[in-house]
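Here is the structure we will look at.
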Amino acid sequence: MVLEGCEPETQTYNVLIRHFCAVGEFERAMGLFERMGCTCAPNVDTYNVLINRLFGTGKSGNMVMAGRLLVEMVERGHAPSRVMFRRVLLLMTGNQGLAKQILSTQSVCRRLTCTIRL
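Take the sequence shown: its letter number 59 is residue 59 in the UniProt record's numbering, and every next letter is one higher.
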């Protein structure tokens, strides 16, 4: 595609990222995510695919990465769903600093309807 002079758009990247996540090649998906910042911006779908894949691993380091992606998502102006906020927060019990950062981003989006105290 690029060799033909055609730059990929967000949806093209999303399809490839979704594919790499589905076949277990998360590193390649993250590589595309990082590269797409040079030509186009990730959208809500991009973040949701990556965050959901990170949840699927069950590894604590990936949960932290999911939390950071959620914060980045909000900072870039994308509003995650209430379900996504709650899901990330439930997995952040061992990392109060990141959980507080996530909670502060939710106030920007107004996605949680209840008060959560850490």
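Ideal Cβ positions, reconstructed from N, Cα and C, are used throughout, including at glycine.
- Task: With residue 21 as the anchor, note down where its alpha helix (DSSP H) starts and where it stops.
- Result: 10-22
- Would residue 54 be called buried (16 or more neighbouring beta carbons within 10 Å of its own) or exposed? buried
- Query: Grouping DSSP H, G and I as helix and E and B as strand, with all else coil, what is residue 29?
  - Reply: If DSSP states are grouped into helix, strand and coil, residue 29 belongs with the helices.
- Endpoints, the alpha helix (DSSP H) within which residue 56 is located: In the DSSP annotation of this structure, the continuous segment of the alpha helix (DSSP H) that includes residue 56 starts and ends at 44-57.
- Task: Out of 23, 42 and 17, state which residue places its alpha-carbon closest to the alpha-carbon of residue 30.
- Result: 17
- Looking at residue 41 and residue 12, is the spacing between their C-beta atoms short of 8 Å? no
- Item | Backbone secondary structure at residue 34 - three-state DSSP | It is helical.
- Query: Helix or strand or just coil, what does DSSP make of residue 61?
  - Reply: helix
- Message: Quick check: the Cα distance between residue 62 and residue 6, rounded to an integer number of angstroms?
- Response: So the alpha carbons of these two residues sit roughly 33 Å apart.
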